[in-house]
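Single-structure report; data block below.
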Amino acid sequence: MKNILVIGLLLIGLASCQNLEEMNINPNLPTETHPQLLLTNIEWDAFRDNRGTSPLYALKMLVQTDGESTTQYYKWDRGSYGSYSVLRNVTKMIEEGERIGEPTYVALGKFFRSYYFFNLTLTFGDIPYSSALKGEIEQNYQPVYDDQETVFNGILMDLKEANDILAANNTIIAGDIIYDGDVTSWRKLVNAFRLKVMLTLSEKEGMNNQSEFASIFQNEPLMESVEESGQLVFLDQQDNRYPDFNSSGFSSGMYMDSTFIQRLQEREDPRLFIYCTQTKSAKEAGKDIADFSAYEGGDPAAPYAEVNEKATEGNVSKVNDRYHRDPVNEPYMLLGYSEQQLILAEAAIKGWISADAAMLYESGVKASFKFYEKYAENYSSYVGESDAVNYLSKPINNFSMATTEEEQFQLIIMQKYLQSFFQLGWTSFFDHLRTGGYPSFRRPAGVEIPYRWIYPQSEYNYNASNVTNAISRQFGEGNDHINEMTWWLK
């Protein structure tokens, strides 16, 4: 009887402990969720990442007249590790995909990991990578920094695994707002991004990846049309509208850069009419929208007060109103068909693939025109297929009239640049670094183009030993400066 009583008390005690544990679970802080709920937010964040106006000042597309833009004059300092916050959600999506046996979420997690780490390492150099994102399972968490070579190799491995997983699991991906769950479309975007990473490393000795690049081109699915671009389409609904809709920034001191406008004018590029407005003086003179002389920008190398005076006189174009008045406007592209075709065109010139570089170049330009024909509806009559053909026939744009590989290469890089207005983030800036200065960026005398951003102050506050070691390893002790060249450029 005594033994029975003891057993009974133990069972009661165990039950009480179990009930207490259940009571201690906060229903408002779930530890498990379906990965589709995470995927939607991850996509929304990633496809809007690095868009907006910031890159456009550095790329010589915008100038500021009501104060000095540090980006315009290349005076930036610290970058942000904000991407690691999104990467925590990516890591959780991978864990949840593994938990419920849905490998497609693991694959997309690997893709988004690659996307964010690619941009982080280009921004700073060495970064926390292999030991990153363990703060929830380790106390006193201070991640070590991996060198860029390790990071890039990890990125390429993740992308390969993402494609392989998707190839073996052709099921609808719930929660996908980009391709509506279509696995094949995701494989095409993943593989296009693999090509982009490889081309970024094309000038780095030992990291050329030509054979793997060719294998992807020959054997893996890639985008075949503008409709298959990796893009986020906006809706005229609360929290789903174009990010710059109703933005007050467009009505203040933001104007167009003269060097960008001149490049479009020299090429008689009708995308000029889509990107910006006529000057006030041109409108008052009754000039037509299609009159290239109706557009003018501010000198990005001049003091901002000087440009402000020119703008006050009515002689500087502003950003087209559609960017802040249209709630839908145009999608944000993470990587589009046009950029893919230009990547392939450059690879063809390099001899990495057996393909017609001229045909790839022309399809890339036509794809850009088609994108704006579809989404800049009020200007569609300027960028139809016949307009693209006419544009490509002009000597300055004509690939067949480029007599050297260098001239062909410059045509390709320039077209990638011209289509990047409010698109592609910092891609053209990193192309400028990769190519040794193409396209050129006008700036005040004596100002150098930075190679990177300074590490965040938070790293010095909470991870000082590891960040200082990374700086010493890359640039020498204490040399955390914007003009220090990182590994991928050496």
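Going by this note's numbering, the first residue of the sequence shown is number 644, and it counts up by one from there. A virtual CB, placed ideally from N, CA and C, is assigned to each residue, including glycine.
Unbroken beta strand (DSSP E) run spanning residue i, endpoints
i, result
"Asp978", "The question names Asp, yet the displayed sequence has Leu at residue 978. Segment 975–978, the beta strand (DSSP E) holding Leu978."
"Val706", "705–707"
"Gln874", "873–875"
Reduced DSSP secondary structure (H/G/I, E/B, other) of residue i
i, result
"Val971", "coil"
"Glu1032", "The sequence given here places Val at residue 1032; Glu does not occur at that position. Val1032: helix per DSSP, three-state reduction."
"Pro698", "helix"
"Pro946", "coil"
"Tyr736", "According to the sequence shown, residue 736 is Met rather than Tyr. In this structure, Met736 counts as helix in the three-state DSSP scheme."
"Asp823", "coil"
"His896", "A quick correction: the sequence has Gly, not His, at residue 896. Coil, per DSSP."
"Val840", "helix"
"Ile917", "helix"
"Tyr601", "With the chain represented from 644 up to 1133, any question about residue 601 goes unanswered, as that position is not in the structure."
"Arg1095", "coil"
"Asn671", "In this predicted model, Asn671 has a pLDDT of only 46, less than 50, meaning its place in the structure is not dependable; the value taken from the coordinates is given anyway. Residue state, collapsed to three classes: coil."
"Tyr788", "strand"
"Arg906", "helix"
"Thr957", "The residue you asked about is not Thr; residue 957 is Gly in the sequence shown. Coil."
"Arg1085", "coil"
"Val962", "strand"
"Arg721", "strand"
"Gly797", "helix"
"Glu664", "Because Glu664 sits at a pLDDT of 43, beneath the cut-off of 50, its placement in the model cannot be relied upon, and the following sentence gives the value as read from the coordinates. Glu664: helix per DSSP, three-state reduction."
"Ile647", "For Ile647, the predicted model reports a pLDDT of 39, less than 50, meaning its position is unreliable; a value from the coordinates is still stated below. In the structure shown, Ile647 sits in a helix (DSSP, three-state: H, G or I)."
Start and end residues, alpha helix (DSSP H) containing residue i
i, result
"Val1008", "1000–1018"
"Leu680", "678–691"
"Leu776", "Element bounds for Leu776: n/a, residue is neither H nor E."
"Lys753", "746–767"
"Ile932", "No alpha helix (DSSP H) contains Ile932, which DSSP labels as neither H nor E."
"Phe1118", "1107–1118"
"Asn862", "853–862"
"Thr1070", "1070–1077"
Integer Cβ distance of residue i from residue j, believed to fall under 8 Å
i, j, result
"Thr683", "Gly818", "5 Å"
"Pro698", "Gly1068", "6 Å"
"Gly695", "Asp887", "7 Å"
"Gly940", "Val962", "The Cβ separation is near 11 Å, so there is no contact."
"Leu977", "Ala701", "Between Ala701 and Leu977 the Cβ distance is about 19 Å, and since that is not below 8 Å, they are no contact."
"Val826", "Leu838", "Incorrect: roughly 19 Å between the Cβ atoms, too far for contact."
"Asp709", "Ser895", "6 Å"
"Lys875", "Arg691", "Looking at the sequence shown, residue 875 is not Lys but Leu. Indeed they touch by this definition, with Cβ atoms about 7 Å apart."
"Val1026", "Phe877", "Wrong, their Cβ atoms sit about 20 Å apart, outside the cutoff."
"Asp790", "Asp769", "5 Å"
"Gln1058", "Leu985", "6 Å"
"Trp719", "Ile1125", "6 Å"
"Arg1085", "Lys703", "6 Å"
"Trp1131", "Lys847", "6 Å"
"Thr734", "Phe1073", "Actually they are not in contact, since the Cβ atoms of Thr734 and Phe1073 sit about 25 Å apart, beyond 8 Å."
With contact counted as at least three CB pairs below 8 Å, one residue from each stretch, are the segment 1026–1037 and the segment 999–1018 in contact?
The segment 1026–1037 is in contact with the segment 999–1018.
Contact between the segment 899–906 and the segment 856–870 (3+ Cβ pairs under 8 Å)
Cβ pair count under 8 Å is below three, so no.
Any chance the segment 792–805 sits against the segment 750–765, with 3 or more Cβ pairs inside 8 Å?
Yes, since at least three Cβ pairs between the segment 792–805 and the segment 750–765 fall closer than 8 Å, the two stretches touch.
With a threshold of 8 Å, are at least 3 pairs of Cβ atoms found where one atom belongs to the segment 975–992 and the other to the segment 929–947?
No: the two stretches stay apart, fewer than three of their Cβ pairs being nearer than 8 Å.
The segment 744–755 touching the segment 804–824, judged by at least three CB pairs closer than 8 Å
The segment 744–755, when compared against the segment 804–824, does touch it at the 8 Å Cβ threshold.
Count the CB pairs spanning the segment 715–733 and the segment 903–917 that are closer than 8 Å, and state whether there are at least three.
Touching, no.
So, does the segment 1040–1052 touch the segment 1088–1107, judging by three or more C-beta pairs under 8 Å?
The answer is no - the segment 1088–1107 does not touch the segment 1040–1052, with fewer than three Cβ pairs under 8 Å.
Inter-stretch contact at 8 Å, needing at least 3 Cβ pairs: the segment 782–793 / the segment 1104–1115
Yes, the segment 782–793 touches the segment 1104–1115.
So, do the segment 990–998 and the segment 856–863 have three or more beta carbon pairs nearer to each other than 8 Å?
Between the segment 990–998 and the segment 856–863, the count of Cβ pairs shorter than 8 Å is three or higher; the stretches touch.
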